[in-house]
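Q: My questions all concern the structure below.
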Amino acid sequence: MKPQKTKGLLKHGFMYIFQPRNLHKMKETIMLWSKAFIPTLKEVPADAQVKSHILMLRAGMIRQLSAGVYTYLPLGWRSMLRVMDIIRDEMDEIGGQEVFLPSTTPLELWAETGRDVGMGDIMTRFKDRRGTELALAPTHEEVITDLARGEIRSYKELPQTWYQIQNKFRDEPRPRSGILRVREFLMKDSYTLCADEAQLHEAYKLHEKAYRRIFERCGLQYFVVGASSGMMGGTGSEEFMVPSESGEDIIATCECGFAQNLEIAESFPTSVEWVSCEKAKVHTPEQRTIEQVSGFLKLPQGQLLKSLIYITQSGKAVMACLRGDHELSEEKLQAVCGEKVRPAEAEEVLKLTGVPIGFLGPIGLNAKLEILVDRAVDSEAPFATGANEVDYHIVGYKLTDISEYKKVDLRMVAEGDTCIHCGKPLNLIRTIEIGHIFKLGTKYSKPMGATFLDEEGAARPIQMGSYGIGVGRILAAAIELSADGDGIRWPITIAPFEVVITPVNVADEEVMSVATAIYEELLDEGIDVLLDDRDARPGVKFKDADLIGVPIRVTIGKGVKNGVIEIYERQTKTTTEVSIEDAMDSIIDLWDRLFEELSE
RNA sequence: CGGGGCGUGGCGCAGUCCGGUAGCGCACCUGCUUUGGGAGCAGGGAGUCGGAGGUUCAAAUCCUCUCGCCCCGACCA
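Under numbering that gives the first Met the number 0, the first residue of the first sequence carries the number 0, and numbering increases by one thereafter.
Structure representation (structure tokens):
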């Protein structure tokens with residue numbers, strides 16, 4: 000899987016499309032550090048909190064324009080281009096054909112699938128001069144489906160795999176963590192058009208394989224987990240998750256291979272030591288939270304019944320009841336309700352039940368709303384819950400005391416839970432989502448009328464799949480995984496430069512002539528090399544080289560007098576002295592080795 | 001959208017409580033010395049104190065409004 004040595008920028012489609020220019024000339028300027036625009040920062044910018052954000056700013060890779068909107072500087076963009084190179088390579092490998100879809104889309108198109116409403120404020124809308132309503136595409140299912148319905152006629156034209164690398168616009172309510180959650184970002188998205196479910200399954204599996212190869216080549220550790228389909232809809236999806244403290248998602252994994260996003264994960268809960276008690280109503284003045292009530296009644300939190308009221312998108316109220324020590328998964332509740340839900344406001348709860356939050360319970364509320372009970376609540380066990388009366392709770396009641404309820408899966412997996420397949424304890428891991436693959440089925444093709452004629456001449460909706468990768472998130476995730484106290488440690492496959500040559504003193508002619516000779520030879524080999532020809536102190540150069548994370552540094556200094564230079568490996572911080580004659584071979588050997596470590 | 005914090009040279013910050021006309025470190029420019037892990041000395045340039053309005057003889061500082069950014073929550077492929 001190692002690229003041929005004339006790879007790098009020369010291969011990029013982007014370069015050909017947008018910048019047909021003399022690449023050799025560009026190389027000569029950009030690969031001299033003194034001429035390159037690499038604005039490194041010694042201090043940590045005040046706005047950055049997470050490791051990858053801090054380092055991308057400090058290494059001069061990105062700059063912020065506004066909340067969740069970033070400019071990629073030359074160093075950052077070079078790494079982005081290399082990630083895209085790998086993505087294109089692997090997408091082409093599974094028969095993908097690259098396209099380029101517009102970002103400006105008629106709002107009408109989104110109305111066809113109902114996502115003009117479904118997307119809500121995430122989708123930015125505006126009008127053109129004629130008053131036509133437009134939207135900036137947050138994703139491209141509708142655009143692709145529109146293309147397909149106009150062009151695909153026969154089963155003989157299927158399957159198709161179309162992909163693009165495009166900016167997506169999502170007006171996130173809260174952009175954060177640098178480049179991890181942004182409002183404008185580069186995504187590789189691909190779409191498969193298939194004749195039937197078997198074909199779709201095959202296309203889906205091919206994507207999974209391609210994604211595995213892409214992330215492996217990018218040097219990432221990752222989990223593939225079962226996931227919620229969210230606003231994409233469809234019949235099934237899996238996410239590719241990189242473990243990181245800076246991530247926003249939590250996944251549950253088991254050594255038996257089970258792995259799911261916490262949003263949908265299932266598990267066996269820990270058990271509760273019940274305290275037996277008789278039915279009673281207890282005065283519990285000002286005791287509202289689970290902690291307060293549990294402490295006041297001297298009952299374990301797991302013996303309380305937590306009652307939460309939610310309002311569905313269509314305006315229906317439901318009560319979700321869980322063990323006091325468990326958390327509700329809103330994703331699961333949404334799945335049960337079949338529509339979006341939101342927590343009820345305090346006033347709504349009061350109006351609906353006549354009871355303020357804190358003293359709610361399911362007993363006697365059937366007439367007012369639907370009651371859903373999480374299946375982890377033991378039917379036999381006595382529980383304590385709100386009495387639906389201010390300052391009172393009831394104890395010793397059982398589920399059978401609720402006249403009507405549905406038992407469903409509502410709870411979020413918690414620390415200490417065990418695996419539903421093998422019974423071993425689950426691990427909860429915080430992660431960054433870098434890819435997500437969906438089986439969409441006919442969710443878009445049906446309402447939009449994207450059909451083809453099968454062998455019998457019958458019109459059938461196209462079976463679709465949709466597959467995304469966050470290009471920028473790959474960079475952030477790689478940094479999160481491998482950075483150390485001195486800066487970034489790039490996997491060589493996505494480093495902005497593969498080698499940096501550091502002449503310790505540019506005023507020393509002998510040093511410079513050796514440095515320049517090695518630089519030019521490496522260029523001839525097709526290796527991405529940066530020559531640090533700045534008239535700066537060695538400490539500055541070493542610190543900067545460590546910070547921007549170039550995997551191989553060739554230091555040329557006092558050893559030259561004895562015919563010796565040094566090769567420094569950023570990952571391990573090990574230095575090897577070699578003779579000038581052996582330098583090229585040693586550098587290329589190390590270069591080869593670093594690539595080989597990242598291929599299967 | 002709720003809660004909290006912050007906007008002062010390019011970056012990091014002090015000054016705000018207690019009003020008196022802006023300062024420190026880094027970076028930058030010039031010169032000299034220096035050159036193996038973010039150099040030293042000397043000189044220099046650079047700030048609508050986020051914006052608007054108000055109070056006052058006088059506002060970075062007090063009051064009102066407003067914009068922006070960050071964090072937590074909500075939300076989220």
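Idealized CB from N, CA, C, for every residue including glycine. None of these values were measured; they are calculated from a predicted model.
Along the beta strand (DSSP E) that carries Met240, what are the first and last residues, could you check?
A: Element bounds for Met240: Gly235 to Pro242.
Q: Thinking C-beta only, is Ile213 closer than 7 Å to Ile86?
A: Cβ atoms of Ile86 and Ile213: closer than 7 Å.
Q: Indicate whether the contact test is met: 3 or more Cβ pairs, each with one atom in the segment 408-420 and one in the segment 314-330, closer than 8 Å.
A: Cβ pair count under 8 Å is three or more, so yes.
Q: Mind checking which residues open and close the alpha helix (DSSP H) that includes Asp248?
A: Looking at the DSSP string, Asp248 is not in any alpha helix (DSSP H); the run it does join, the beta strand (DSSP E), is Asp248 to Thr252.
Q: Give me the DSSP bridge partner(s) of Ser189.
A: DSSP, once it has assigned bridges, lists Tyr162 and Tyr466 as partnering Ser189.
Q: Pull up the distance between the alpha-carbon of Glu331 and that of Leu72, whole angstroms please.
A: One detail in the question is off: residue 331 reads as Lys in this sequence, not Glu. The straight-line gap from Cα to Cα measures roughly 41 Å.
Q: Is it right to say Ser598 is buried, meaning 16 or more other beta carbons lie within 10 angstroms of its own, or is it exposed?
A: Classification for Ser598: exposed.
Q: Is Met30 helix, strand or coil when you go by DSSP?
A: Coil, per DSSP.
Q: Return helix, strand or coil for Tyr210, following the three-state DSSP convention.
A: The answer is helix: DSSP assigns Tyr210 an H, G or I state.
Q: Along the chain, where does the beta strand (DSSP E) that runs through Asp390 open and close?
A: First-last for Asp390: undefined, no H or E at that position.
Q: Do you know offhand how far Gln96's Cα is from Cys336's?
A: Looking at the two C-alpha atoms, the distance is approximately 39 Å.
Q: Once DSSP output is grouped into helix, strand and coil, what is the label at Thr399?
A: If DSSP states are grouped into helix, strand and coil, Thr399 belongs with the helices.
Q: Assuming Gln163 and Phe239 form a contact by the criterion Cβ under 8 Å, report the distance between their Cβ atoms to the nearest whole angstrom.
A: The pair is not a contact, with the Cβ atoms about 19 Å apart (cut-off 8 Å).
Q: Cα-Cα, which of Ile249, Lys445, Thr492 and Asn561 is closest to Glu595?
A: If we check each option's Cα against that of Glu595, Thr492 comes out closest.
Q: Please report the distance separating the alpha-carbon of Gly556 from that of Leu261.
A: Cα to Cα, Gly556 sits roughly 54 Å from Leu261.
Q: With DSSP run on the structure shown, which of helix, strand or coil describes His139?
A: Looking at His139 - three-state DSSP - the assignment turns out to be coil, as it is neither helix nor strand.
Q: What is the DSSP secondary structure of Ser153, reduced to helix, strand or coil?
A: In this structure, Ser153 counts as strand in the three-state DSSP scheme.
Q: With DSSP as the reference, identify every bridge partner of Val181, one or two as the case may be.
A: Answer by DSSP bridge pairing: none, since Val181 is not bridged.
Q: Taking DSSP's pairing of strands, which residues face Tyr69 in a bridge?
A: Paired residues: Gln63.
Q: Return the CA-CA distance between Leu522 and Ala494, expressed in angstroms with no decimal places.
A: Straight-line Cα distance between these residues: approximately 16 Å.
Q: Looking only at DSSP bridge pairs, what is Leu327 linked to?
A: Paired residues: Arg410.
Q: Indicate whether Ala375 and Pro490 have their beta-carbon atoms separated by less than 7 Å.
A: Result no, Cβ atoms of Ala375 and Pro490 do not sit closer than 7 Å.
Q: So is Cys255 buried or exposed if we call it buried at 16+ other beta carbons inside 10 Å?
A: Cys255 should be labelled exposed.
Q: Candidates Lys280, Ala482, Leu452 and Val470: which alpha carbon is nearest Gly385's?
A: The shortest Cα separation from Gly385 among Lys280, Ala482, Leu452 and Val470 belongs to Lys280.
Q: Using the Cα positions of Glu369 and Val142, report the straight-line distance between them to the nearest angstrom.
A: Each residue's alpha carbon lies about 39 Å from the other.
Q: For His435, list the residues DSSP reports as bridge partners.
A: The partner list for His435 (beta bridge, DSSP) reads Glu238 and Gly467.
Q: Straight-line CA distance for Val528 to Tyr221?
A: Distance between the alpha carbons of Val528 and Tyr221 is about 29 Å.
Q: Take every Cβ of the segment 417-433, pair it with every Cβ of the segment 200-207, and state whether three or more of those distances are shorter than 8 Å.
A: The segment 417-433 is not in contact with the segment 200-207.
Q: Would a C-beta distance cut-off of 7 Å place Val470 and Val223 closer than the cut-off?
A: No, the Cβ-Cβ distance between Val470 and Val223 is not below 7 Å.
Q: What are the boundary residues of the beta strand (DSSP E) that Gln259 is part of?
A: Note, Gln259: beta strand (DSSP E), Ala258 to Asn260.
Q: From Ile419 to Leu425, what distance separates their C-alpha atoms?
A: Each residue's alpha carbon lies about 9 Å from the other.
Q: Note down, in chain order, each residue of its chain lying with its Cβ closer than 6 Å to the Cβ of Gln48, except the 5 sequence neighbours on either side.
A: Excluding sequence neighbours, Gln48 sits near nothing in its chain.
Q: Are Lys34 and Glu479 close, meaning C-beta to C-beta below 7 Å?
A: Contact: no.
Q: Let's see if you can read the secondary structure: which residues bound the alpha helix (DSSP H) around Gly117?
A: Where Gly117 is concerned, the enclosing alpha helix (DSSP H) stretches over Arg114 to Gly117.
Q: Output the distance between the C-alpha atoms of Gly363 and Leu296, rounded to the nearest integer angstrom.
A: The alpha-carbon atoms of Gly363 and Leu296 are separated by roughly 22 Å.
Q: Sort Arg592, Lys572, Lys560 and Gln570 by Cα distance to Ile579 and report the nearest one.
A: Looking at the Cα atoms, Lys560 is the closest of the given residues.
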